[in-house]
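Engineer: In the numbering used here, the protein residues as written are 1 to 203.
This is the structure:
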């Protein structure tokens with residue numbers, strides 16, 4: 001089937017409640033002090049798409065010593081996850097401490113031939129890359145990435161882009177098969193959704 005794209009808004013109140021729930025459920029471990037919206041969304045997306053292999057793009061600027069906004073270069077890579085590694089937002093948060101998956105760290109990843117028959121999910125966060133537009137006599141209502149990813153996303157792959165949607169807060173762009181979008185709860189009918197995403201269509 002032809003891949004499709006859709007947008008959704010993050011419900012800030014619902015997201016705050018989800019973050020609290022995650023920390024409370026992790027109370028026995030006490031190994032993380034917080035989880036971010038990125039952690040929650042990444043875990044949810046990869047779990048819901050049932051990705052055999054998950055990947056999250058990461059910007060090393062201001063994360064590694066000597067790599068700041070004042071240094072030229074492309075300091076980016078990805079963290080690759082197996083299903084046990086993205087099972088909770090806490091595990092996503094912990095992977096950012098070492099820039100490696102945490103549960104299957106000693107297990108080999110699928111090779112090229114093995115990966116051909118597997119599903120995959122990719123998450124990237126653009127929220128920090130866009131500032132408010134300052135145009136005299138105008139005010140920003142909505143900011144979205146214009147990216148026709150549907151024809152570029154391979155079969156069996158789902159993509160989520162987290163972005164700053166302007167005054168409305170965070171938004172997410174999702175691309176994948178129609179079946180994948182239905183599983184995510186964001187088909188055109190908006191039949192199902194997690195509490196931390198708004199039922200209001202973004203477009």
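We put the CB at the ideal spot given by N, CA and C, even for glycine.
Three or more C-beta pairs closer than 8 angstroms, one from the stretch 129 to 146 and one from the stretch 99 to 115: is that the case here?
Structural biologist: No: the two stretches stay apart, fewer than three of their Cβ pairs being nearer than 8 angstroms.
Engineer: Three or more beta-carbon pairs under 8 angstroms between the stretch 148 to 158 and the stretch 11 to 18, yes or no?
Structural biologist: Output reads no: the stretch 11 to 18 does not touch the stretch 148 to 158.
Engineer: Compute the Euclidean distance between the alpha carbons of residue 41 and residue 183, then round it to the nearest angstrom.
Structural biologist: Cα-Cα distance, rounded: 15 angstroms.
Engineer: Under the rule that 16 or more other beta-carbon atoms within 10 Å means buried, what is residue 3, buried or exposed?
Structural biologist: It counts as buried.
Engineer: Is the beta carbon of residue 76 closer than 8 angstroms to that of residue 62?
Structural biologist: Not a contact, by the Cβ cut-off of 8 angstroms.
Engineer: Over what stretch of residues does the beta strand (DSSP E) that includes residue 149 continue unbroken?
Structural biologist: Careful: residue 149 lies outside any beta strand (DSSP E) and carries neither H nor E.
Engineer: Quick one, which of 46, 158, 65 has its alpha-carbon nearest residue 81's?
Structural biologist: For residue 81, the nearest C-alpha among the options comes from 46.
Engineer: Report yes if the C-beta distance between residue 123 and residue 56 is below 8 angstroms; otherwise report no.
Structural biologist: Contact flag set, yes.
Engineer: Hey, residue 91 and residue 97 are a contact pair by Cβ (cut 8 angstroms); roughly how many whole angstroms apart?
Structural biologist: Not confirmed; about 11 angstroms, so no contact.
Engineer: Counting only runs of 3+ residues fully inside the stretch 36 to 123, write out the beta strand (DSSP E) ranges in chain order.
Structural biologist: Entirely contained in the stretch 36 to 123, the beta strand (DSSP E) runs reaching 3 residues are, in chain order, 53 to 59, 76 to 81.
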